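When the count follows this note's numbering, it moves up by one through the sequence shown with no breaks and lands on 525 for the last residue.
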Amino acid sequence: MQIRVALPEEFAFIIEELLHDYNQTGNRYYSEIVKTVIELDRAAKFIIALAEVIQRFSVAHLHIIGDIYDRGSGAHFIMDRLQNYHSLDIQWGNHDIVWMAAAAGSAVSIASVIRVSLRYGNIETLEEGYGISLRPLSVLAKDYYDGDPCTKYMPKIEEDNPNYTQKNRDELAMMHKAITIIQFKLEAQLINKNPQWGMQNRTILEAVDLEKGIVTIDNIQYPLNDTNLPTFSKSAPYKLNSSELEVITQLQKSFHKSEKLQKHTKMLFDRGSVYAIYNNNLLYHGCIPMNEDGTFMSIYIDDDSYKGKELLDICDKYSRLGYFSHDEKLREFGQGVMWYLWAGKDSPLFGKEKMVTFESYFIDDKSVAKEAKNWYYKHRNSKESCINILCEFGLGDNAKIINGHVPVKVKKGESPIKSGGKLVVIDGGFSRAYQDVTGIAGYTLIYNSQGMSLVSHGPFKSTEDAIANGADIVGSLETIEKRADRILVKDSDEGKRLAAEVDNLKELFEMYGEGIIKEQ
């Protein structure tokens, strides 16, 4: 039945016939079917349909451990494909949640996604994918930064990229600088509204002295590499001027009106979550925040603190309220929590002490631009810590953790398999921004009845290159776990669901036979 439902409607009958026992029907019948398909000029479409059927049955269920929107171009294409995928779930990454918050109308998250898109020269997703015009921002940028070289804001695009002239690059750099300043102002406004997050050290603009050309961070003065900040006011460092306010208001309307973005965001909520438990595996993108001693870190989200599973649960709850709630205050706070998940101190999706955006733009001293990871990333190498995490989520010590977020630096000897196989890191790593660092293009974990295997991928340039040069995604496979006894369907989550359904039907049948349920 499952096979029949999955077959493409146009060729369902033909494929079904070809699946029958070859020895019983004979060669002639099969040959005539194939011959007719060719004569009707349907061969190419038939081959494509067969290839798609093979893909469909190769993967029963797909898990995506977050960061679909991580810097690379074409996230909207991926989301289009995923919308039609037969069975999947998504564990939100911090790059996903900030886009979800932007779609919900969060001004600071809108500024953040635009800044990252401009930094990597990736405006295709915004403009072509979601129909969001950056024209208002472009006008603002020219008004304030025309003539400013904006050197630190030049997009990270290959020098020989024919799609970008120097004029294009200069325009993107000015827009990049304009939205960055807007982002800093909006971030500080949100942080000051939520002191419980402990992020006051990220309200840096108030520590800027343009006359002296310095900024004071942690009582240390650093020279600024750029003092041309025409929209900055020392008396009101976090107030948007009228032009900035008008631009961000227009952008909020554009994000709200983008039908495709809203459709994709609803899918991320419908089929996604902060974490998932599937077939005795715990899946999450970032981390379970921990203290230095390996205990779960308590973090204030609202007026209360949370840790472990309850922390992830409350973050999931507020994220949904940030998009769906009709209560204006709850919706606004939920959007704030979504931003916190993107860049907040020890957030379970970000997993670092701070995001040093200001330092990376304005201070040349690289020592001040370090992002300290949460202690979790040390303790996840300990089998005991991994077992504690699994127990926190109601799983036994025979379960496994599937983790994403941090790229594995294979070229430096790092391994994706931690704590004796209790935890596996499968950051996708397809973003070109990371491939020089990692040496690969990420991992795919394969889980079937026989055990687990990890496939590492080589970089993939393009479809055009693959066709012209016969190139493909080169992968190497490593077996992580090989079971002596194969896992049966009845042992899987789906098998247990079906068994429960059968039990319910049997109970109904018995109640009907005893006359408890009357015939309608």
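Note that beta-carbon positions come from the ideal geometry of N, C-alpha and C, so glycine has one too. Being a predicted model, the structure only gives us computed values, none of them experimental.
Check your understanding: Where does LEU316 land, buried or exposed, given buried means 16+ other C-beta within 10 angstroms?
Key -> Taking the sequence shown and counting its residues from 1, one reaches residue 316 at position 311. Buried, because 16 or more other Cβ atoms sit within 10 Å of the Cβ of LEU316.
Review point. Between ASN379 and LYS357, which are expected to be in contact by the criterion C-beta below 8 Å, what is the C-beta distance as a whole number of angstroms?
Key: Taking the first residue of the sequence shown as position 1, residue 379 is located at position 374. Taking the first residue of the sequence shown as position 1, residue 357 is located at position 352. Contact holds; Cβ gap of about 7 Å.
Exercise for review: Measure the Cβ-Cβ separation of ARG207 and LYS359 and say whether it is below 8 Å.
Suggested key: Indexing the sequence shown from 1 puts residue 207 at position 202. Indexing the sequence shown from 1 puts residue 359 at position 354. Going by C-beta atoms, ARG207 is nearer than 8 Å to LYS359.
Review point. For the 8 Å Cβ check, are there 3 or more pairs between the segment 404-411 and the segment 367-375?
Key: no
Check your understanding: Within 10 angstroms of its Cβ, does PHE329 collect 16 or more other Cβ (buried), or is it exposed?
Key -> Numbered from its first residue, the sequence shown carries residue 329 at position 324. PHE329 comes out exposed.
Practice item. Assuming SER454 and ARG491 form a contact by the criterion Cβ under 8 Å, report the distance between their Cβ atoms to the nearest whole angstrom. Key: As a working note, residue 454 is residue 449 in the sequence shown. As a working note, residue 491 is residue 486 in the sequence shown. That pair is a contact at about 4 Å.
**Study point:** Cβ shell of LEU450 (< 7 Å), same chain only, five flanking positions each side left out
**Key:** To locate residue 450, count along the sequence shown from 1; it is residue 445. Once the five neighbours on either side are set aside, the close Cβ partners of LEU450 are ILE407, VAL429, ILE431, MET457 and LEU459.
Review point. Under a three-way DSSP split, which group does ALA404 fall into?
Key: Counting from one through the sequence shown, the residue named residue 404 turns up at place 399. ALA404: coil per DSSP, three-state reduction.
Check your understanding: Are the Cβ atoms of TRP104 and GLY71 separated by less than 8 Å?
Key -> The residue labelled residue 104 in the question sits at position 99 within the sequence shown. The residue labelled residue 71 in the question sits at position 66 within the sequence shown. No, Cβ-Cβ distance for TRP104 and GLY71 is not below 8 Å.
Check your understanding: Can you find a heavy atom of the ligand FAD that lies under 7 Å from the Cβ of SER461?
Key -> Ligands displayed in this structure: none; no statement on the ligand FAD is therefore possible.
Exercise for review: Tell me whether HIS181 sits in a helix, a strand or coil according to DSSP, three-state version.
Suggested key: Residue 181 sits at position 176 when you count from the first residue of the sequence shown. Three-state result, HIS181: helix.
Practice item. Could you tell me which residues DSSP puts in a beta bridge with VAL220? Key: Residue mapping note: residue 220 aligns to position 215 of the sequence shown, counting from 1. VAL220 has VAL213 and TYR227 as its beta-bridge partners, per DSSP.
**Study point:** Closest by C-alpha distance to ASN99, when choosing among ASP508, CYS292, THR254 and TYR227
**Key:** By one-based count along the sequence shown, residue 99 stands at place 94. Closest option to ASN99, Cα to Cα, is CYS292.
Review point. At which residues does the beta strand (DSSP E) containing ASN453 begin and terminate?
Key: Along the sequence shown, read from residue 1 onward, the residue named residue 453 stands at position 448. Counting along the chain, the beta strand (DSSP E) containing ASN453 begins and ends at 448-453.
Review point. Who are GLN188's beta bridge partners in DSSP?
Key: Residue 188 sits at position 183 when you count from the first residue of the sequence shown. Answer by DSSP bridge pairing: none, since GLN188 is not bridged.
Review point. Touch check for the segment 77-84 and the segment 133-146: three-plus C-beta pairs under 8 Å?
Key: yes
Point to revise | Three-state secondary structure assigned by DSSP to MET4 | key: Since the first residue of the chain shown is 6 and the last is 525, residue 4 is not available in this structure.
Check your understanding: In three-state terms, what does DSSP make of LYS239?
Key -> As a working note, residue 239 is residue 234 in the sequence shown. If DSSP states are grouped into helix, strand and coil, LYS239 belongs with coil.
Check your understanding: For the putative contact between ASP321 and VAL279, defined by C-beta atoms under 8 Å, what is the C-beta separation to the nearest angstrom?
Key -> As a working mapping, residue 321 is identified with position 316 in the sequence shown. As a working mapping, residue 279 is identified with position 274 in the sequence shown. Rounded, the Cβ-Cβ distance is 4 Å, consistent with contact.
Exercise for review: On the DSSP bridge assignment, give the partners of ASP94 in chain order.
Suggested key: The sequence position of residue 94 within the sequence shown is 89, counting from 1. For ASP94, the beta-bridge partners assigned by DSSP are HIS68.
Exercise for review: Pull up the DSSP beta-bridge partners for VAL429, would you.
Suggested key: Translated into the one-based positions of the sequence shown, residue 429 becomes position 424. Paired residue(s): ILE407 and ILE422.
Practice item. Return helix, strand or coil for GLU133, following the three-state DSSP convention. Key: One-based indexing of the sequence shown puts residue 133 at position 128. Of the three classes helix, strand and coil, the one that applies to GLU133 here is helix, per DSSP.
**Study point:** Pair within 8 Å by beta-carbon distance, PHE189 and PHE363
**Key:** Numbered from 1 along the sequence shown, position 184 holds the residue referred to as residue 189. Numbered from 1 along the sequence shown, position 358 holds the residue referred to as residue 363. Going by C-beta atoms, PHE189 is nearer than 8 Å to PHE363.
**Study point:** Cβ pair ARG124, PRO160 closer than 8 Å
**Key:** Residue mapping note: residue 124 aligns to position 119 of the sequence shown, counting from 1. Residue mapping note: residue 160 aligns to position 155 of the sequence shown, counting from 1. Yes, these two residues count as a Cβ contact at 8 Å.
Exercise for review: Please classify LEU234: does DSSP put it in a helix, a strand, or coil?
Suggested key: Within the sequence shown, the letter at position 229 stands for residue 234. Residue state, collapsed to three classes: coil.
Exercise for review: With DSSP collapsed to three states, give me the class of ASN286.
Suggested key: Within the sequence shown, numbered from 1, the residue matching residue 286 stands at position 281. Here ASN286 sits in strand by DSSP.
Check your understanding: According to DSSP, is MET159 helix, strand or coil?
Key -> On the sequence shown, position 154 is the one that residue 159 refers to. Reduced to three states, the DSSP call for MET159 is coil.
Check your understanding: Does the beta-carbon of CYS391 have 16 or more other beta-carbons within 10 angstroms, so that it is buried, or is it exposed?
Key -> Position 386 of the sequence shown holds residue 391. With 16 or more other Cβ atoms within 10 Å, it is buried.
Point to revise | Contact check, THR254 vs TYR366, beta carbons under 8 Å | key: Position 249 of the sequence shown holds residue 254. Position 361 of the sequence shown holds residue 366. No; because the gap between Cβ atoms is not below 8 Å, this pair is not in contact.
Check your understanding: Would you call SER238 buried or exposed, if buried means 16 or more other Cβ atoms sit within 10 Å of its Cβ?
Key -> Translated into the one-based positions of the sequence shown, residue 238 becomes position 233. Taking a 10 Å sphere around the C-beta of SER238, we find fewer than 16 other C-beta atoms and assign the residue as exposed.
Practice item. Report yes if the C-beta distance between LEU142 and ALA183 is below 8 Å; otherwise report no. Key: As a working mapping, residue 142 is identified with position 137 in the sequence shown. As a working mapping, residue 183 is identified with position 178 in the sequence shown. It is a contact, given that the beta carbons lie within the stated cut-off.
Practice item. Classify LEU67 as buried or exposed, calling it buried when 16 or more other Cβ atoms lie within 10 Å of its own Cβ. Key: Working through the sequence shown from its first residue, we reach residue 67 at position 62. Counting Cβ neighbours within 10 Å, LEU67 comes out exposed, since fewer than 16 surround it.
**Study point:** Host alpha helix (DSSP H) of ASN393 (start-end)
**Key:** On the sequence shown, position 388 is the one that residue 393 refers to. Note, ASN393: alpha helix (DSSP H), 388-397.
Practice item. Compute the Euclidean distance between the alpha carbons of THR236 and SER247, then round it to the nearest angstrom. Key: In the sequence shown, residue 236 corresponds to position 231, counting from 1. In the sequence shown, residue 247 corresponds to position 242, counting from 1. Looking at the two C-alpha atoms, the distance is approximately 10 Å.
**Study point:** Span separating the alpha-carbon of ALA54 from that of LEU45
**Key:** By one-based count along the sequence shown, residue 54 stands at place 49. By one-based count along the sequence shown, residue 45 stands at place 40. Cα-Cα distance, rounded: 15 Å.
Exercise for review: Could you tell me the boundaries of the alpha helix (DSSP H) in which SER248 lies?
Suggested key: By one-based count along the sequence shown, residue 248 stands at place 243. Run containing SER248: 247-262, per the alpha helix (DSSP H) assignment.
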